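Asker: Start counting the sequence shown at 1; every next residue gets the next number (the working numbering).
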Amino acid sequence: MRTPIVCETLPSSKWTRVDNVDSSGLGLPDADELLRGRSVWSLLTRAPSGAIDVVSAMLPESGAGEARVVTRSLLPAVPAGLGGARVATNLTAQMEGYAAARLRIPGGAAKPGAPMRNVEVAWENWLDGTSGRGVIPDAGPFELGDVKPAPDAARKAPPGARPPPGQRRAPAPPPEDFYDPALLSVSLRGIFLRPHSGSAHSELTFFYEPPAKLQRFDFPSWPASGLHGSLDVRADAVLADGQPVGVGMVRQASNGPVTAMLLAHRPAPAPSAGAPTPPGPGPAWAIDAVTVAPPAGRDRLVHTDWTYAGTSIGVTTLVADPGHASAWALFQPFRKDGTLGPARPLPTPFDLGDAPRPCSAAERAATARHEAPLFLGSEALFPGTRHPVVVTDAAGPSGAPEVMVLLTASTVLHGTPSAPCVAGWDARAIGRAPLSAILPGDLAQSWLFRAAAGSSGATGTAIELRRMACRFEPGAKVPEAVWSEPALDGSPRPDR
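Here it is as structure tokens:
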């Protein structure tokens with residue numbers, strides 16, 4: 001275990017509630033949402049009206065200092081009074097931020113062969129600092145499986161809901177179904193959409209770039225088998241040096257790490273302003289296979305991911321040997337010719353000291369963002385690297401000071417193995433308390449989160465957040481309960 005972190009909630013900061021958080025769990029932000037560009041943390045909200053917003057703590061333009069909580073619209077509310085029409089939406093968290101796609105279904109049924117028109121796409125890319133919204137006018141005919149209908153009851157007003165005094169009840173928005181495209185993926189300056197379901201085997205793909213540039217092409221087809229049998233390939237795409245590159249991620253096993261990639265490239269069609277390029281297969285794809293990681297073993301844990309380094313997107317490879325407290329990591333950028341660029345070494349938590357230094361804004365802008373998870377499944381990658389976090393709320397629920405105890409989990413790093421720095425940690429409460437923290441490298445600018453009381457069907461998942469100031473304190477007393485938590489192996493236990 002490393003140097004304790006001691007925090008105090010700020011008297012000037014009160015608990016702030018956020019309703020309608022879009023999440024399958026408690027909705028508390030973690031390392032996936034930590035220090036991406038100028039965003040310290042972020043949340044998605046999805047109102048009963050269908051409005052989708054992004055809530056984020058944003059740093060100043062300089063990339064340093066006190067963050068300010070802002071709300072941005074990703075997609076507006078679904079218009080009411082559409083008659084028999086329905087709406088289908090897809091909303092996903094992305095490595096860069098968030099992506100959304102929405103379409104209107106005239107007549108209320110997505111009948112195969114009917115035209116799919118005016119598909120809205122929207123995204124937030126914290127890592128390149130862009131966001132956008134646009135429309136794909138013609139996405140071809142509907143295919144079977146493109147839309148998964150939701151029951152009408154899912155969009156009814158909650159029991160007991162009443163309009164404000166003096167106002168008439170507003171018309172309910174149309175039922176919102178699930179839109180299931182084969183690919184919805186944020187990239188540099190834009191977004192990829194394969195508008196039809198993966199089960200439809202449609203190759204039609206678009207790349208939308210503001211203000212109105214639309215590339216249309218056929219997605220590459222991946223081989224179904226290799227030298228050692230069938231291949232488990234997950235498809236994605238990336239814009240590399242201004243050209244679309246298809247990426248097929250090949251897993252070692254159905255639940256194993258990605259150890260190889262299929263990279264497909266071809267000359268890109270010239271983007272057109274205001275209208276898509278004429279449909280057609282275009283030049284044939286050239287597909288090459290590259291190894292990105294060694295196979296996992298009994299003493300070796302392997303994790304691959306995507307990230308940004310400046311304005312380059314690439315793949316990270318992390319290999320850890322927890323039993324020997326050793327690990328190494330690399331970043332390789334995607335290139336437009338279907339290859340990976342030279343490998344750049346990345347730091348891991350084993351490279352950090354007991355009280356590591358924070359990353360500067362310049363380091364975060366120039367070097368790869370490396371999110372190092374604490375666990376892969378139930379396996380700890382970096383035992384002994386957790387920091388206990390002791391939070392004091394000077395005015396707890398009873399009026400007396402309240403002490404809360406957490407442990408850091410995943411780490412976001414920048415720099416090199418010889419000169420590492422920390423962009424931040426996420427921290428989780430010991431036991432099962434619905435409490436978490438986001439701790440930037442600048443600990444004085446930290447945040448505390450908890451599940452809100454009184455969440456209901458009307459407000460969805462609700463959380464509360466509050467600012468706090470933290471610091472390293474080597475002599476801080478650590479509660480005994482901390483030692484029952486996982487991934488503390490190898491840490492010297494203090495004398496009782």
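Where a beta carbon is used, it is the ideal one built from N, C-alpha and C, also for glycine. Every value quoted in this text rests on a predicted model; they were computed, and no experiment measured them.
Would you call Arg428 buried or exposed, if buried means 16 or more other Cβ atoms sit within 10 Å of its Cβ?
Answerer: When all chains shown are included, Arg428 counts as buried.
Asker: Between the stretch 418-434 and the stretch 31-39, do three or more beta carbon pairs fall short of 8 Å?
Answerer: Yes, the stretch 418-434 is in contact with the stretch 31-39.
Asker: Among Arg189, Pro349, Pro434, which one has its Cα closest to the Cα of Ser312?
Answerer: Residue Arg189 is the option with its Cα nearest to Ser312.
Asker: In the DSSP assignment, find the alpha helix (DSSP H) that holds Arg364 and state where it starts and stops.
Answerer: Looking at the DSSP string, the run of the alpha helix (DSSP H) that includes Arg364 is 361-366.
Asker: Going by the C-beta, is Asp138 closer than 7 Å to any heavy atom of the ligand SAH?
Answerer: For the ligand SAH, the structure offers nothing, since it holds no ligand at all.
Asker: Using DSSP with H/G/I as helix, E/B as strand and the rest coil, what is Trp447?
Answerer: Looking at Trp447 - three-state DSSP - the assignment turns out to be strand.
Asker: Just tell me which of Asp138, Ala437, Ile287, Gln252 has its CA closest to the CA of Cys7.
Answerer: Per the Cα distances, Ala437.
Asker: Below 6 Å CB to CB, which residues in the same chain sit around Val186 once its five sequence neighbours on both sides are set aside?
Answerer: So the list reads Gln94, Glu96, Ala99, Trp123, Asn125, once near-sequence residues are dropped.
Asker: Look up Thr89 in the DSSP assignment and give the residues it is bridged to.
Answerer: BP columns for Thr89 point to Arg102, Phe178.
Asker: Could you compute how far the alpha carbon of Gly27 sits from the alpha carbon of Val40?
Answerer: Whole-angstrom Cα-Cα distance: 16 Å.
Asker: DSSP on Asp53, reduced to helix/strand/coil?
Answerer: Correct three-state label for Asp53: strand.
Asker: Going by DSSP in three states, Trp126 sits in which element: helix, strand or coil?
Answerer: Reduced to three states, the DSSP call for Trp126 is coil.
Asker: Buried or exposed, going by whether 16 or more other CB atoms sit within 10 Å of the CB of Val302?
Answerer: Burial call: buried.
Asker: Mapping DSSP to helix, strand and coil, what is Ser199?
Answerer: Helix.
Asker: Measure the Cβ-Cβ separation of Asp218 and Leu231 and say whether it is below 8 Å.
Answerer: It is not a contact, given that the beta carbons lie outside the stated cut-off.
Asker: Could you tell me how far apart the beta carbons of Leu184 and Ala235 are, in whole angstroms, since I believe they sit closer than 8 Å?
Answerer: The pair is not a contact, with the Cβ atoms about 12 Å apart (cut-off 8 Å).
Asker: For Met468, list the residues DSSP reports as bridge partners.
Answerer: Bridge partners of Met468: Thr9, Ser446.
Asker: Smallest Cα separation from Thr316: which of Pro474, Arg117, Leu413, Ala47?
Answerer: Checking every option, the nearest Cα to that of Thr316 belongs to Leu413.
Asker: Between the C-alpha atoms of Arg169 and Ala80, what's the straight-line distance to the nearest angstrom?
Answerer: Per-residue confidence for Arg169 stands at a pLDDT of 45, beneath the threshold of 50, marking its modelled position as unreliable; the derived number appears in the next sentence. Distance between the alpha carbons of Arg169 and Ala80: 12 Å.
Asker: Near Thr486, what residues of its chain come up, given a Cβ to Cβ distance below 7 Å and the 5 sequence neighbours on each side ignored?
Answerer: Just to set this straight, residue 486 is Pro in the shown sequence, not Thr. Once the five neighbours on either side are set aside, the close Cβ partners of Pro486 are Ala380.
Asker: List the whole-angstrom C-beta distance separating Ser199 from Gly145, where the pair is believed to meet the contact cut-off of C-beta under 8 Å.
Answerer: Right, their Cβ atoms sit about 4 Å apart.
Asker: Looking at C-beta atoms only, is the number of pairs between the stretch 349-358 and the stretch 380-389 that lie closer than 8 Å three or more?
Answerer: The stretch 349-358 vs the stretch 380-389: in contact.
Asker: What did DSSP end up calling Asp337 once you bin it into helix, strand or coil?
Answerer: The answer is coil: DSSP assigns Asp337 none of H, G, I, E or B.
Asker: Roughly how many angstroms lie between the CA atoms of Thr130 and Arg266, to the nearest whole one?
Answerer: Rounded to the nearest angstrom, the two C-alpha atoms are 26 Å apart.
Asker: Which whole-angstrom value describes the C-beta separation of Gly84 and Gly107, a residue pair presumed to lie in contact below a C-beta threshold of 8 Å?
Answerer: 6 Å between Cβ atoms; contact.
Asker: Identify the residues that DSSP records as bridge partners of Ala58: which are they?
Answerer: Before going on, a small fix: residue 58 reads as Met here, not Ala. In the DSSP output, where bridge partners are listed per residue, Met58 has Ser39, Arg68.
Asker: Nearest to Thr416 by CA position, among Arg369, Asp442, Glu464, Trp15, is which residue?
Answerer: Nearest option by C-alpha distance: Arg369.
Asker: The beta strand (DSSP E) spanning Ile287 covers which residue range?
Answerer: First-last of the beta strand (DSSP E) with Ile287: 286-291.
Asker: I'd like to check one pair, Met58 with Arg68: are the Cβ atoms closer than 8 Å?
Answerer: Yes; because the gap between Cβ atoms is below 8 Å, this pair is in contact.
Asker: Within a Cβ cutoff of 6 Å, which residues of the same chain sit near Ile136, ignoring the five residues on either side of it in sequence?
Answerer: Taken in chain order, the residues that qualify are Val119, Phe206.
Asker: Are the beta-carbon atoms belonging to Met116 and Gly134 less than 8 Å from one another?
Answerer: Contact: no.
Asker: In chain order, what residues of the same chain lie with their CB nearer than 8 Å to the CB of Ser77, ignoring the 5 residues before and after it?
Answerer: In the sequence under discussion, the amino acid at residue 77 is Ala, which differs from the Ser named in the question. Excluding positions up to five away in sequence, the list reads Ala47, Ser49, Gly50, Ala51, Pro173.
Asker: Quick check on DSSP: helix, strand or coil for Val390?
Answerer: Note: Val390 maps to strand in three-state DSSP.
Asker: Confirm, please, whether the CB-CB distance from Thr304 to Val258 is below 8 Å.
Answerer: Yes, Cβ-Cβ distance for Val258 and Thr304 is below 8 Å.
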